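Colleague: Dumping the structure here so I can ask a few things about it.
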Amino acid sequence: MTSREKHLVELVDETGTAHGETTVAAAHQPPGQLHRAFSVLLVNPDGQVLLQRRAAVKTRFPLRWANSCCGHPQPGESLAEAANRRLGEELGAGPVELTEVGVYVYYAEDPATGRVEFEYDHVLRGEFLPSAPLLPDPDEVAELRWADPTALEAELKIDPRSYAPWLGGVVNQLLRPSESRSGATSPAMTPPGSSADDTAERSGGR
């Protein structure tokens, strides 16, 4: 077990109210325990978002394209502090100003590893200049690329299995922030284009 799997996460109910804590590893064992998480999307001046392809050693959805950075605040840790910590650890990025654009509750089972994602996910937007330095950790990130978020939604419909199952909902929160209220639970959503073949991976429920 990696050291991060031993870190504590905050267990929450579906309103985001904390009611306990457990380890990262325990929270992601079937059937999963709802816990607080965050997904960061770094956006450049042209409106493109930075995507990372998750490293092969990841215990959940390895080698899938996902948003710029993901993680879990430890109990008592602020979202901004936790997200900037992970931006530094994963991407070698300096601290950035972050804005919460919505909350996305989702459930997904990884058919390859058997792990479960059941997360109350705060979606955070950060402005990022392409000239700013990045030094991705190869144990976290296999590749990086910039993508137009609207075009990305179309790509998710065509080839959803190349992407982490939470990415569609995260991009939806970025593109349509007026449809979500910061701090309020959004319906459990799945990326567009899900089919019967995706049932095990994306239950779309709890």
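Its first residue numbered 250, the sequence shown is counted upward by one per residue in my numbering.
Glycine residues also receive a C-beta, built at the ideal position from the N, C-alpha and C atoms.
Model, not experiment: these values are computed from the prediction.
1) If you run the structure through DSSP and keep just helix, strand and coil, what is residue 402?
2) According to DSSP, residue 351 sits in a beta bridge with which residue or residues?
3) I need the boundaries of the beta strand (DSSP E) containing residue 269, first residue and last residue.
4) What is the DSSP secondary structure of residue 424, counted as helix, strand or coil?
5) Contact between the stretch 274-281 and the stretch 294-304 is defined here as three or more beta-carbon pairs at a separation below 8 Å; is this criterion met?
6) For the alpha helix (DSSP H) containing residue 332, list its first residue and its last residue.
7) Within the present structure, is the beta-carbon of residue 398 separated from the nearest heavy atom of the ligand COA by less than 6 Å?
8) In the DSSP assignment, find the unbroken beta strand (DSSP E) run with residue 284 in it and report its ends.
9) Could you work out which residue in 366, 405, 258, 423 is closest to residue 324 when comparing CA atoms only?
10) Is residue 300 helix, strand or coil by DSSP?
11) So what does residue 417 bridge to, in DSSP terms?
12) Please report how far the alpha carbon of residue 289 lies from the alpha carbon of residue 268, in whole angstroms.
Modeller: Considering the structure as presented:
1) One-based indexing of the sequence shown puts residue 402 at position 153. The three-state secondary structure of residue 402, taken from DSSP, is helix.
2) The residue given as residue 351 occupies position 102 in the sequence shown. In the DSSP secondary-structure assignment, residue 351 is bridged to 372.
3) As a first step, residue 269 must be located in the sequence shown, where it is residue number 20. In the DSSP annotation of this structure, the continuous segment of the beta strand (DSSP E) that includes residue 269 starts and ends at 267-272.
4) Translated into positions along the sequence shown, residue 424 becomes position 175. DSSP places residue 424 in helix when its eight states are reduced to three.
5) No, the stretch 274-281 does not touch the stretch 294-304.
6) Taking the sequence shown and counting its residues from 1, the one referred to as residue 332 is at position 83. Annotation for residue 332: the continuous alpha helix (DSSP H) segment containing it runs 328-340.
7) As for the ligand COA, it is missing from this structure, which has no ligand bound.
8) The residue you call residue 284 lines up with position 35 of the sequence shown. Residue range 284-292 is occupied by the beta strand (DSSP E) that includes residue 284.
9) As a first step, residue 324 must be located in the sequence shown, where it is residue number 75. Looking at the Cα atoms, 258 is the closest of the given residues.
10) One-based indexing of the sequence shown puts residue 300 at position 51. Strand at residue 300.
11) The sequence position of residue 417 within the sequence shown is 168, counting from 1. Paired residue(s): none; residue 417 is not in a bridge.
12) In the sequence shown, the residue the question calls residue 289 occupies position 40. In the sequence shown, the residue the question calls residue 268 occupies position 19. Roughly 24 Å separates the two Cα atoms.
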